[in-house]
Amino acid sequence: GDYGLDILRSGLGIPVVGCGDAALEEAARLGRTFALVTTWPRRFDGLHRQAGAARARARAGCRGILSIGGEEDLTGVSQPGGYLSRIAAGEAGILDRLRDACRHAVERNGAEVIVLGCTCLSSVAETLARDCSVPVVNPRLAGVRSALRQVAQDSARANAGFRAESLDVLKSMLDAVADTPPEACPTCVGDHLDPQAHPSRGA
Numbered sequence: 026g027d028y029g030l031d032i033l034r035s036g037l038g039i040p041v042v043g044c045g046d047a048a049l050e051e052a053a054r055l056g057r058t059f060a061l062v063t064t065w066p067r068r069f070d071g072l073h074r075q076a077g078a079a080r081a082r083a084r085a086g087c088r089g090i091l092s093i094g095g096e097e098d099l100t101g102v103s104q105p106g107g108y109l110s111r112i113a114a115g116e117a118g119i120l121d122r123l124r125d126a127c128r129h130a131v132e133r134n135g136a137e138v139i140v141l142g143c144t145c146l147s148s149v150a151e152t153l154a155r156d157c158s159v160p161v162v163n164p165r166l167a168g169v170r171s172a173l174r175q176v177a178q179d180s181a182r183a184n185a186g187f188r189a190e191s192l193d194v195l196k197s198m199l200d201a202v203a204d205t206p207p208e209a210c211p212t213c214v215g216d217h218l219d220p221q222a223h224p225s226r227g228a
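Below you can see the structure in the form of structure tokens.
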């Protein structure tokens, strides 16, 4: 969902990259139509629709959001042995559901590109891409590549800071999560990414 992306972009004098936004841009370059395949329950689909609505090209090209998760997966989601750990480990049952969703998106929805709907799928992106007949976009990797491109194009602004009028808004965002217990998220403390990896191989 690229939470807080618009606020950060309005408050900073440097480019701010959202992985979801970068993935949609990459999908638009790779094909005319795409589908989002996500691990979360269907009640989270609105977050993906909101992100897609930000770009007319993406909205027009989206052939659907396929969600494989159930409400039961949210119990202890980030705990050892929880849903995120099972995804990161490439649990066979989860991979089978993801493959089925990708196949459905291509064969029934007419998607020319699959966009993985969460950075938590980064660890299984290459596995899914090997079994998929169309390019698979890994949003985590798309975000890294977008950031590298923007830094290369706009290095003169690398030392820019916050705009004063946005500091209060940003402070309130941070205060809202200040007391939240830390999570050992396998996505946030994940493996090294190669930004040169090709989209057809799980990029």
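With the sequence shown counted from 1, adding 25 to any position gets you our numbering.
The beta carbon of each residue, even a glycine, is placed where N, CA and C say it ideally should be.
Quick check: the Cα distance between residue i and residue j, rounded to an integer number of angstroms?
i, j, result
"D156", "G115", "14 Å"
"I32", "G168", "18 Å"
"E50", "I112", "25 Å"
"V149", "Y108", "14 Å"
"D193", "L120", "43 Å"
"G36", "R133", "42 Å"
"K196", "H129", "43 Å"
"P40", "Q175", "7 Å"
"R122", "G86", "23 Å"
"G38", "T58", "33 Å"
"T152", "A201", "37 Å"
"A60", "D204", "36 Å"
"T64", "T100", "14 Å"
"Q178", "G118", "43 Å"
"P105", "V131", "34 Å"
"G142", "A154", "14 Å"
"L199", "D98", "27 Å"
Ordered along the chain, which non-local residues of its own chain (more than five positions away) have a Cβ less than 8 Å from that of residue i?
i, result
"D27", "G43, C44, G45, D46 and A76"
"L55", "E137, V138, P160, V162 and P224"
DSSP state of residue i, grouped into three classes?
i, result
"R57", "coil"
"I39", "coil"
"G89", "strand"
"R82", "Because the pLDDT at R82 is just 49, under 50, the model does not fix this residue reliably, and the point stays unresolved."
"R34", "helix"
In chain order, what residues of the same chain have a beta carbon less than 7 Å from the beta carbon of residue i, not counting five sequence neighbours either side?
i, result
"A126", "V62, L91 and I93"
"R165", "C44, T144, S147 and L218"
"R34", "V41"
"V102", "Y108 and L109"
Could you name the residues of the same chain whose beta carbon sits closer than 6 Å to that of residue i, not counting the 5 residues immediately before and after it, in chain order?
i, result
"S171", "V42 and A47"
"R82", "Residue confidence is low: R82 scores 49 on pLDDT, short of 50, so the model does not pin down where it sits. Its coordinate-derived value is still stated next. Cβ neighbours of R82 beyond the five flanking positions: A53."
"E96", "P66"
"R124", "D156"
"L30", "G43"
"R88", "T58, A60, N134, G135 and A136"
Between residue i and the ligand COA, is there a pair consisting of the residue's CB and a ligand heavy atom that are separated by less than 7 Å?
i, result
"D125", "Within the structure as shown, the ligand COA is missing, as the structure has no ligands at all."
May I ask you to verify whether the segment 156-173 touches the segment 124-138, counting CB pairs closer than 8 Å and requiring at least 3? Taking a cut-off of 8 Å for Cβ pairs, the segment 156-173 and the segment 124-138 touch, as three or more such pairs fall below it.
Restricting to runs no shorter than 3 residues, where is the beta strand (DSSP E) found entirely within the segment 96-173? For secondary structure counted as the beta strand (DSSP E) over 3 or more consecutive residues, the segment 96-173 holds these complete runs in sequence order: 138-141.
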